[in-house]
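Using our numbering, read the sequence shown as starting at 99 and increasing by one per residue.
Structure record follows, encoded as structure tokens.
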Amino acid sequence: MKEFDKAASEVKEKTSGRVTLKYFAGGQQGDERDYVRKIKLGQLDGAGVTSIGLSMIDESIRVLELPMMFVSAEELDYVADKLWPYFQKKFEAKGFKLQDRGEVGWIYFLSKGRVDKLADLRGQKLWMWGDDRLVGAVFKKLGLNGVPLGVPEVDAALTSGKIDACYSSPVAAVALQWYSKVKFMTSMPMSFAIGATIVSNEAYKKVTPQDAKLIEDISRANAKKLRKTIRKANEDAKGTMSRKGVQVIQTPVAMVDEFTKAATELWTELAGKIYSKEELKMVLDARDEYRAKHKGGGKSASGQP
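What follows is the structure, given as structure tokens:
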């Protein structure tokens, strides 16, 4: 909340008090479905959401989160920055200002049992966010045993044995205490999760164009700082989990290859369902453009070349 509080203070100062922002901590206004519903009803002006909340407005933005699409955060940055104005126009047409991009980070599998191959993962009861159609499609493609639950239910489900595994960014796993109920984490991430702040078009009508520009400029600068902070926090969280006994298993190349093959097939299968063929092409073209400019540009988050 610190970064948001700083942004709120800056908005108040630079607009000479004409605009004030009040933030509610996570959970006080319900879950992401509640946030979007309340914004549409005018009960909230905006919210910071993950891609799950974003997809409740326009699901096609999930094309930026396809499994095994990116091998580095820099690739994701390049592609998302290039396509962000396109998605901002789509959200605008649906009554929302899509402000600058936030993120959750790399998403890993955390489990009670060791995972060295997909068969190991298939043998575990794996949490699946009930509102997430993309992850549902991934699980179906891979033959994983998904147990649909809301985020607040995961901790108790891990404790009771209703589920044996989940997926998360490291910082979320620590913050939500999920890591204390598992023993292993894959070195291979499934995907890179994004987020953003959304504000209703109606809320923007309450401020002058000059103040609106100030808010957007401050939001953009704040989002950039926040992404940097989150990336460091995720690395720190990995260290915390390791010190507390969670073992990071180097994902074998065979499992990475099998997962990547299935994921790549899924990209095409979901075109026309969650996003369009044209939007998939936009992502692939931008990603390949980045790779052409940065040949030999390092390793993936899993440590695989």
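Where is the CB? At the ideal position from N, CA and C, for every residue including glycine.
As the structure is a prediction and not an experimental result, all values here were calculated from the model.
From E108 to I316, what distance separates their C-alpha atoms? As a working note, residue 108 is residue 10 in the sequence shown. As a working note, residue 316 is residue 218 in the sequence shown. Each residue's alpha carbon lies about 8 Å from the other.
Less than 8 Å between the beta carbons of R220 and L242, yes or no? What you label residue 220 is simply residue 122 of the sequence shown in a count that begins at 1. What you label residue 242 is simply residue 144 of the sequence shown in a count that begins at 1. Yes; because the gap between Cβ atoms is below 8 Å, this pair is in contact.
Of the listed residues P350, W365, Y206, Y388, nearest to A335 (C-alpha basis): In the sequence shown, counting from the first residue as 1, residue 335 sits at position 237. For A335, the nearest C-alpha among the options comes from Y206.
Check whether D262 and K210 have beta carbons under 8 Å apart: As a first step, residue 262 is located in the sequence shown; it is residue number 164 there, counting from the start. As a first step, residue 210 is located in the sequence shown; it is residue number 112 there, counting from the start. Between D262 and K210, the C-beta gap is smaller than 8 Å, which places the two residues in contact.
Compare the C-alpha of A83 against each of E333, A217, E363, D132 and name the closest. Because the chain is modelled from 99 through 403, residue 83 falls outside the range shown and cannot be assessed.
Contact defined as beta carbons within less than 8 Å: I believe L196 pairs with A291. What is the distance between those atoms, to the nearest angstrom? Residue numbering aside, residue 196 sits at position 98 when the sequence shown is read from its first letter. Residue numbering aside, residue 291 sits at position 193 when the sequence shown is read from its first letter. Contact flag wrong, Cβ pair sits at about 16 Å.
Whether I372 touches L224 by CB criterion (8 Å): Translated into positions along the sequence shown, residue 372 becomes position 274. Translated into positions along the sequence shown, residue 224 becomes position 126. It is not a contact, given that the beta carbons lie outside the stated cut-off.
Would you kindly report the start and end of the unbroken alpha helix (DSSP H) that includes P183? One-based indexing of the sequence shown puts residue 183 at position 85. Where P183 is concerned, the enclosing alpha helix (DSSP H) stretches over 171 to 191.
Where P287 sits in the DSSP three-state scheme: The count along the sequence shown starts at 1 and reaches residue 287 at position 189. Looking at P287 - three-state DSSP - the assignment turns out to be strand.
Mapping DSSP to helix, strand and coil, what is K330? Along the sequence shown, one-based indexing puts residue 330 at 232. Of the three classes helix, strand and coil, the one that applies to K330 here is helix, per DSSP.
Report the partner residues of R341 according to the DSSP bridge assignment. Reading the sequence shown from its first residue, position 243 is the one you call residue 341. Secondary-structure assignment with DSSP links R341 through no beta bridge to anything.
Which runs of the beta strand (DSSP E), 3 residues or longer, sit entirely within the region 251 to 308? Those beta strand (DSSP E) runs which fall completely within the region 251 to 308 and span 3+ residues are 263 to 266, 282 to 298.
Quick one: give me the first and last residue of the beta strand (DSSP E) that F194 is part of. Here the question's residue 194 lines up with position 96 in the sequence shown. Unbroken beta strand (DSSP E) run through F194: 194 to 209.
Can you tell me whether V351 is buried or exposed? The criterion is at least 16 other CB atoms within 10 Å of its CB, across all chains shown. Here residue 351 refers to the residue found at position 253 when the sequence shown is read from its first residue. Flag for V351 reads exposed.
What is the DSSP secondary structure of I155, reduced to helix, strand or coil? Position 57 of the sequence shown holds residue 155. In this structure, I155 counts as coil in the three-state DSSP scheme.
Can you tell me whether L139 is buried or exposed? The criterion is at least 16 other CB atoms within 10 Å of its CB, across all chains shown. Taking the first residue of the sequence shown as position 1, residue 139 is located at position 41. L139 counts as exposed, since fewer than 16 other beta carbons sit within 10 angstroms of its beta carbon.
Outcome for L257 when other beta-carbon atoms lying within 10 angstroms are tallied against a minimum of 16: For this step, residue 257 is matched to residue 159 along the sequence shown. A small fix is needed here, since residue 257 is Thr in this sequence, not Leu. Answer is exposed; the Cβ neighbour count stays below 16.
Those residues which DSSP pairs with L223 across a bridge: Here residue 223 corresponds to residue number 125 of the sequence shown, with the count starting at 1. The displayed chain sequence assigns Lys, not Leu, to residue 223. K223 pairs with N243.
Where do the ends of the beta strand (DSSP E) carrying T148 lie? If you number the sequence shown from 1, residue 148 lands on position 50. First-last of the beta strand (DSSP E) with T148: 144 to 148.
Inter-residue CB distance, E190 and N299 (contact presumed, cutoff 8 Å): By one-based count along the sequence shown, residue 190 stands at place 92. By one-based count along the sequence shown, residue 299 stands at place 201. Right, their Cβ atoms sit about 7 Å apart.
Can you tell me whether K279 is buried or exposed? The criterion is at least 16 other CB atoms within 10 Å of its CB, across all chains shown. Counting from 1 along the sequence shown, the entry for residue 279 is found at position 181. It is buried - the Cβ of K279 has at least 16 other Cβ atoms within 10 Å.
Which residues in the same chain have their Cβ closer than 7 Å to the Cβ of T113, if we skip the five residues on either side of it in sequence? The residue you call residue 113 lines up with position 15 of the sequence shown. Shown here for T113: same chain residues with a beta carbon closer than 7 Å to its own, the five before and five after excluded, namely D309, L312 in chain order.
Among the residues of its own chain, which have a CB less than 6 Å from the CB of D198, if the five just before and after it don't count? The residue you call residue 198 lines up with position 100 of the sequence shown. Hits under 6 Å: S317, R318, A321.
If you measure between the beta carbons of Y133 and Q127, is that distance less than 8 Å? Within the sequence shown, the letter at position 35 stands for residue 133. Within the sequence shown, the letter at position 29 stands for residue 127. Cβ atoms of Y133 and Q127: closer than 8 Å.
Among V147, G144, E201, the one whose alpha carbon lies nearest that of K326: Within the sequence shown, the letter at position 228 stands for residue 326. Shortest Cα-Cα distance from K326 to any of V147, G144, E201 involves E201.
Do the CB positions of S267 and G203 come within less than 8 Å of each other? Position 169 of the sequence shown, counted from the first residue, corresponds to residue 267. Position 105 of the sequence shown, counted from the first residue, corresponds to residue 203. Using a Cβ distance threshold of 8 Å, S267 and G203 count as a contacting pair.
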